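Asker: Per my numbering, the sequence shown starts with residue 2, numbered consecutively.
All C-beta atoms, glycine included, are put in the ideal place defined by N, C-alpha and C.
A quick note: this is a predicted structure, and the numbers were derived from the prediction, not measured.
Below you'll find the structure I mean.
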Amino acid sequence: MSSLLETKIAARQHALREQGLLRQRKVLGVDHALNTNASTSSPRFVFEGRAYVNFSSNDYLGLSRVPELVEALHLGAQTYGVGSGASPLVTGYSDAHLALERELCALTGHEAALLFCSGFSANTALMKTLFDQHDIVVADKLVHASIIDGLQDSGAQLKRFLHNSLESAERLLARHHSSALITESVFSMDGDCAPISELSALCRQHHAWLVVDDAHGFAVLDGYKKAEAAKLIDVQVVTFGKALGCQGAAVLGSQALIDFLVSNAREYIYSTALSPANAALALAATQYSTAHPELQQKLLENIALFKQLCREANVPLLGSDTAIQPLIIGDARQTLQVAEELRAAGIWVGAIRPPTVPVGSARLRITLTAAHAAEDIATCVAQLAQVLSRVVVPLVTERQAADDHR
């Protein structure tokens with residue numbers, strides 16, 4: 002006889018499988034033959050004995066394979082060992098962590114920084130520690146799940162404005178005595194950018210903090226100049242697992258905020274600190290990205306090439322100008338079918354389904370990097386056009402998708 006929990010698990014998994022929403026891990030391997038020269042080959046991996054070109058990675062600048070950064074991680078491990086050994090408030094906070102925090106502050110203009118092991122933990126810790134039941138928080142409709150989870154844990158009242166709508170945000174700020182407005186710099190599923198300068202002006206007008214999840218914009222987005230972010234943004238969350246190609250995250254803000262989080266954020270107090278070797282690597286990656294602006298330029302060129310080829314092939318994109326290029330299909334099963342046919346051609350793209358995105362907006366999430374070769378981008382678009390011509394799918398237009406957000 003099955004227990005109650007076994008019955009619940011089986012029923013839930015069956016329902017997800019029937020809806021085409023079941024999530025399963027895939028064991029990927031390194032394609033040694035194709036990655037012998039990381040500087041000239043597109044990112045690839047091996048799955049079940051076959052090599053695939055990877056168009057689903059957030060490694061936007063291709064830094065995860067740069068030899069200098071591989072050596073930086075090696076040197077960091079030789080210097081500090083492979084782990085921090087304790088929480089930051091015991092003995093886990095080292096000069097490697099301090100050096101990274103200072104570099105991040107120098108780049109953004111913020112007074113202080115606090116390191117976390119992931120962007121999810123940074124966001125949830127910030128939300129549930131900074132806010133409580135006395136706060137009203139205004140947030141973009143499409144902010145990340147980690148922000149929503151943290152706000153729910155905090156007990157704060159959450160008011161959500163229409164995606165990237167200044168008018169909607171202003172109405173909520175005027176109606177409520179809000180503590181903060183929260184948005185993302187680049188939205189992870191749509192690839193569009195928030196109007197940071199305009200939102201900052203609104204927040205100043207209504208005496209609210211502007212909190213920006215900068216996970217997908219940091220090191221690649223030039224919407225606000227380096228060392229000037231603090232003039233627009235009160236709290237900035239950056240992650241190292243996207244453009245920096247490594248691991249970890251940081252909350253940036255005033256010294257008073259960081260001191261408050263050190264004393265009160267349970268995720269920080271009771272977690273083993275980010276390894277100093279990874280902190281040393283993130284520092285090296287930050288400095289490397291700053292010293293090599295040609296990587297950002299190459300990424301922009303690859304984005305432009307991809308969009309141009311899609312226009313020529315009548316492949317309907319959502320209108321993003323960033324490395325995240327969504328193609329909304331709508332139905333979850335059909336989205337999986339298109340992704341599987343692309344894999345049959347050696348192209349691996351992300352198939353994003355509810356609850357990550359709203360019901361009816363399942364999509365391919367195609368991501369470009371500076372490391373992609375032009376010929377692989379052309380192959381990707383050609384295969385995509387062929388698959389879409391074979392598979393009858395109710396493609397959602399850009400206008401329909403925009404209406405869905407409202």
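Please specify which runs of the alpha helix (DSSP H), each continuous and at least 4 residues long, are wholly inside the stretch 320-404, giving them in chain order.
Answerer: Listed in chain order, the complete alpha helix (DSSP H) runs (minimum 4 residues) inside the stretch 320-404 are 333-345, 375-391.
Asker: What number of angstroms, rounded off, separates the C-alpha of residue 36 from the C-alpha of residue 187?
Answerer: For residue 36, the pLDDT reaches just 49, beneath the cut-off of 50, and the residue's location in the model is therefore unreliable, leaving the point undetermined.
Asker: Where in the stretch 274-311 do unbroken runs of the alpha helix (DSSP H), each at least 4 residues long, occur, reported from the N-terminal end onward?
Answerer: The qualifying runs are 277-292.
Asker: Closest by CA to residue 116, which one among 297, 295, 373, 276?
Answerer: Here the closest residue by C-alpha is 276.
Asker: Runs of 3 residues minimum, wholly inside the stretch 161-193: which ones carry the beta strand (DSSP E) assignment?
Answerer: As far as the stretch 161-193 is concerned, its whole beta strand (DSSP E) runs of at least 3 residues are 181-185.
Asker: Applying the 10 Å Cβ sphere with the 16-neighbour rule, what's the burial state of residue 32?
Answerer: Result: buried.
Asker: First and last residue of the alpha helix (DSSP H) that includes residue 271?
Answerer: First-last for residue 271: undefined, no H or E at that position.
Asker: If you draw a straight line from the C-alpha of residue 299 to the C-alpha of residue 371, how long is it?
Answerer: Between residue 299 and residue 371, the C-alpha separation is close to 5 Å.
Asker: Excluding the 5 residues preceding and the 5 following residue 193 in the sequence, name in chain order all residues of the same chain whose CB lies nearer than 6 Å to its CB.
Answerer: Once the five neighbours on either side are set aside, the close Cβ partners of residue 193 are 321.
Asker: Using DSSP with H/G/I as helix, E/B as strand and the rest coil, what is residue 71?
Answerer: In this structure, residue 71 counts as helix in the three-state DSSP scheme.
Asker: Helix, strand or coil, according to DSSP, for residue 261 in the structure here?
Answerer: Here residue 261 sits in helix by DSSP.
Asker: Would the stretch 68-88 count as touching the stretch 359-379 if we require 3 or more Cβ pairs under 8 Å?
Answerer: Not touching, per the Cβ criterion.
Asker: Alpha carbon to alpha carbon, how far is residue 63 from residue 184? Give it in angstroms, no decimals.
Answerer: Between residue 184 and residue 63, the C-alpha separation is close to 26 Å.
Asker: Would you kindly work out how many angstroms separate the C-alpha atoms of residue 318 and residue 304, rounded to a whole number?
Answerer: Between residue 318 and residue 304, the C-alpha separation is close to 12 Å.
Asker: Give me the Cβ distance between residue 253 and residue 109, rounded to the nearest whole Å; I'm assuming they're in contact under 8 Å.
Answerer: Their Cβ separation, rounded to whole angstroms, is 6 Å, which keeps residue 253 and residue 109 in contact under 8 Å.
Asker: May I have the straight-line CA-CA distance separating residue 1 from residue 351, to the nearest angstrom?
Answerer: Nothing in the structure corresponds to residue 1, since the chain is present only between 2 and 407.
Asker: Can you tell which of 50, 383, 196 has the C-alpha that lies nearest to the C-alpha of residue 141?
Answerer: It is 196 whose Cα lies nearest to the Cα of residue 141.
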